[in-house]
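What follows is one structure encoded as structure tokens, with my remarks underneath.
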Amino acid sequence: MQTARTPLPYWLVAPGVLTMLAFVALPLVLTLSLSLYPFSPSTGIGEGLTVGHYTDIATDEYFHTIFLRTFGMAVLVTALCVLIGVPEAYVLGRLSPGWRAVSMVIVLGPLLISVVVRTLGWAILLGNEGVINRSLSSLGLIDTPIRMMFTFGGMAVALVHVLVPFMVLAVWASLQKVDPATEQAAESLGAGLPTVLARVVFPQVLPGVLSGALIVFALAASAFATPAIIGGRRLKVVPTTIYDEFLGNLNWPLGAALAVVLVVIVLAVSLGANRFVERRWRQVFE
Amino acid sequence: MLAPLVMVALVSFTDKGYIAMPFDGASWRWYRAILEAPDFIDAFWRSLALGAVAASLATLLAVPAGMAIAWHRFPGRDTVLGLLLSPLMVPHVVLGIALLRLFTQWGATGTLWGLAAAHTVIVLPYVLRLVVAAATGFDRSVAQAAESLGASGWTVFRRVELPLILPGVAGGWLIAFINSFDELTMSIFVASAATQTLPVKMYNHIAHTIDPLLASISTVLIALTLALMIALDRFYGLDRVLAGKT
Chain W
35 MQTARTPLPY WLVAPGVLTM LAFVALPLVL TLSLSLYPFS PSTGIGEGLT
85 VGHYTDIATD EYFHTIFLRT FGMAVLVTAL CVLIGVPEAY VLGRLSPGWR
135 AVSMVIVLGP LLISVVVRTL GWAILLGNEG VINRSLSSLG LIDTPIRMMF
185 TFGGMAVALV HVLVPFMVLA VWASLQKVDP ATEQAAESLG AGLPTVLARV
235 VFPQVLPGVL SGALIVFALA ASAFATPAII GGRRLKVVPT TIYDEFLGNL
285 NWPLGAALAV VLVVIVLAVS LGANRFVERR WRQVFE
Chain X
4 MLAPLVMVAL VSFTDKGYIA MPFDGASWRW YRAILEAPDF IDAFWRSLAL
54 GAVAASLATL LAVPAGMAIA WHRFPGRDTV LGLLLSPLMV PHVVLGIALL
104 RLFTQWGATG TLWGLAAAHT VIVLPYVLRL VVAAATGFDR SVAQAAESLG
154 ASGWTVFRRV ELPLILPGVA GGWLIAFINS FDELTMSIFV ASAATQTLPV
204 KMYNHIAHTI DPLLASISTV LIALTLALMI ALDRFYGLDR VLAGKT
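Protein chains in written order, with this note's numbering: chain W, 35 to 320; chain X, 4 to 249.
This is the structure in structure tokens:
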């Protein structure tokens with residue numbers, strides 16, 4: 035690595051940096067300012083600045099429900115992804131190279147396919163005439179179809195399926211750095227598999243679990259397509275509400291305010307969780 | 004794990020006019036229907052072109068930046084890296100409304116170039132990560148040997164450095180392309196009725212009714228993605244690309 039005194043690096047990064055400033059930084063700043071404009075259905079966006087939208091969000095029951103639903107779901111989805119993703123990553127890591135290649139494709143391949151397609155699959159599975167209900171009723175286990183589409187549970191399940199690969203990736207990366215000798219040492223001292231996993235392996239992959247959990251949480255809270263398709267018109271989360279306000283009601287300032295609040299909450303939770311976990315399990319992060 | 008995708012593929016072969024599983028007659032009916040849906044075909048080509056343009060632009064921006072970040076220590080390097088990777092941390096829905104706001108200001112709503120810029124910015128981090136990874140593992144002594152033999156900076160780049168990081172660049176391009184092609188949430192806000200990408204068109208269709216046409220289109224997409232995955236694996240190794248690691 036050269037500690038260059040030439041301006042060359044600056045020329046090399048300039049195009050990228052300028053593009054980012056123009057198309058990411060600037061729009062975000064404009065959105066923040068947009069959230070401070072008043073709006074009325076008859077006259078549109080008004081003059082002057084107001085924090086009215088933020089107070090609306092803070093005081094209106096309607097928004098409380100939406101935010102609670104969004105972040106409740108994000109927490110639930112994150113927890114489920116940890117429960118499913120960590121063992122999955124572990125199994126993946128312990129497979130022989132031949133099987134691992136196939137399994138990687140199966141686990142990570144879906145990431146390369148549009149979320150619309152994946153969610154369509156869930157819509158087919160979960161519908162009243164869908165596969166799950168059809169099989170259950172033909173097996174005689176149920177009389178009337180179980181309602182899974184347009185429910186919170188259905189939304190959560192589909193979202194877990196969409197986001198688990200991210201958890202697997204993050205944990206797997208951490209797992210690479212675990213020295214198998216630590217597991218072998220534990221076994222040689224008489225520990226059974228559950229103990230080895232819980233007390234030797236898991237603490238060591240904690241950085242991966244944490245990073246995966248934060249990624250999944252952020253993605254779940256800001257997910258749009260899956261809640262829109264599986265949740266439907268009535269089960270709103272913050273991103274679909276932003277969509278409604280922006281493209282439906284044309285209330286751009288409110289939509290912008292909702293977006294700002296979403297980002298702030300996600301950031302706050304991420305930073306808080308990061309600090310908490312790193313402090314509690316300090317050894318692992320050093 | 005794959006159940007939803009398998010479902011989509013199976014349903015696409017139904018001979019009925021609606022989604023039903025299981026069904027008794029299998030047919031290619033819904034695949035023929037694709038050929039009779041010109042607006043879906045248009046959207047497909049548009050997404051394809053958009054993906055190629057976005058991936059290429061992103062690569063043009065990311066390769067020099069990636070080399071600078073990997074090979075030079077300069078003040079502000081970390082900030083630059085953070086800025087270039089920032090789209091990864093902004094929810095797409097937020098980026099979508101932010102860009103819609105920006106384009107309205109510039110009078111560029113519903114334009115193809117605006118959409119291309121938006122996609123370029125979103126996929127740039129993926130290319131950058133892979134370029135930096137490829138460049139970091141690069142033995143500089145080869146480049147220094149070439150310099151000492153009198154090669155100019157440009158020649159060193161063109162004939163020594165670029166060929167050696169090319170697998171990373173190519174893998175990055177491919178991942179960027181795939182991400183652009185699949186992108187939905189941001190595109191919903193930035194694309195207009197005239198510039199709809201395939202995922203946006205499919206989403207709007209699903210909002211009305213889930214009909215088997217969507218299933219057959221989806222199955223075609225799944226098949227194409229499988230083919231791409233094989234190509235990606237040959238080029239670079241699927242796990243390295245997806246994990247973004249060296």
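For every residue, glycine included, the Cβ atom is placed at its ideal position computed from N, Cα and C.
Note that the coordinates shown come from a computational prediction; the quantities given were computed from them, not determined experimentally.
At least 8 Å separates the CB of residue 62 of chain X from every CB of chain W.
Within the stretch 129-145 of chain W, contact with chain X at the beta-carbon level (separation under 7 Å) is assigned to 138, 139, 140, 141, 142, 143, 144, 145.
Chain W has no Cβ within less than 8 Å of the Cβ of residue 122 of chain X. Distances from the alpha-carbon of residue 59 of chain X to those of X:126, X:202, X:97 put X:126 closest.
Listed in chain order, the non-local C-beta contacts of residue 69 of chain W below 7 Å within the same chain comprise 87, 287, 290, 291, 294, local neighbours out to five positions each way being set aside.
Put simply, the backbone Cα of residue 145 of chain X is about 55 Å away from that of residue 209 of chain X. Looking at the backbone, the Cα of residue 96 of chain W and that of residue 113 of chain X are separated by about 32 Å. Taking a cut-off of 8 Å on C-beta distances, the stretch 61-81 of chain X touches the stretch 44-52 of chain W, as three or more cross pairs fall below it.
Taking a beta-carbon distance threshold of 8 Å, residue 185 of chain X counts as an interface residue toward chain W. In this structure, the straight-line span from the alpha carbon of residue 172 of chain W to that of residue 160 of chain W is close to 15 Å. Measuring C-alpha to C-alpha distances from residue 8 of chain X to each of W:145, W:67, W:85 identifies W:145 as the nearest.
Counting only runs of 4 or more residues that sit fully inside the stretch 223-264 of chain W, the alpha helix (DSSP H) segments are 236-255, in chain order.
Annotation for residue 111 of chain W: 190, 193, 194, 197, 250, 254 place their beta carbon closer than 7 Å to its own, counting only its chain and skipping 5 residues before and after. Around the Cβ of residue 174 of chain W, a 10 Å sphere holds fewer than 16 other Cβ atoms; the residue is exposed. Going by DSSP, residue 195 of chain W is part of the alpha helix (DSSP H) stretching over 186-210. When 7 Å is used as the limit between beta carbons, residue 114 of chain X is near no residue of chain W, the shortest such separation being about 13 Å.
For a cut-off of 8 Å, the C-beta gap from residue 247 of chain W to residue 153 of chain W is around 22 Å, too long to register as a contact.
Spanning the alpha carbons of residue 117 of chain X and residue 105 of chain X requires a straight line of approximately 10 Å.
Taking CB atoms only, residue 93 of chain W has no neighbour in chain X less than 8 Å away. For residue 172 of chain W, DSSP records no beta bridge to any residue. Of all alpha-carbon atoms in X:44, X:36, X:70, X:37, the one lying nearest the alpha-carbon of residue 161 of chain X is that of X:70.
Nearest CB-CB separation between residue 114 of chain W and chain X: not below the 8 Å threshold.
Within chain W, the residues placing a beta-carbon under 7 Å from that of residue 206 of chain X are 150, 259, ordered along the chain. Look at the beta carbons and you see the stretch 117-133 of chain W not touching the stretch 297-308 of chain W: under three pairs across the two are nearer than 8 Å. Below the 9 Å Cβ cutoff, chain X contributes 99, 100, 103, 192 as neighbours of residue 280 of chain W, in chain order. At least one CB atom of chain X sits nearer than 8 Å to the CB of residue 195 of chain W.
Proximity to residue 89 of chain W across W:105, W:222, W:72 peaks at W:72, based on C-alpha coordinates. For residue 33 of chain X, the enclosing alpha helix (DSSP H) has its first and last residue at 32-38. Distance between residue 11 of chain X and residue 166 of chain W, taken at the CA atoms: about 14 Å. For residue 188 of chain X, the nearest beta carbon of chain W is closer than 8 Å to its own beta carbon.
Between residue 216 of chain W and residue 243 of chain W, the beta carbon gap of about 17 Å keeps them out of contact (Cβ cut-off 8 Å).
Residue 108 of chain X belongs to the set of residues whose beta carbon lies under 8 Å from a beta carbon in chain W. Pairing residue 264 of chain W with residue 188 of chain W gives a Cβ-Cβ distance under 8 Å. With respect to the 8 Å criterion, residue 168 of chain X and residue 138 of chain X are classified as neighbours on the basis of their beta carbons. Contact residues of the stretch 65-92 of chain W toward chain X are 65, 68 (C-beta to C-beta distance below 7 Å). Taking residue 136 of chain X as reference, the option from X:165, X:171, X:149 with the minimal CA-CA separation is X:171.
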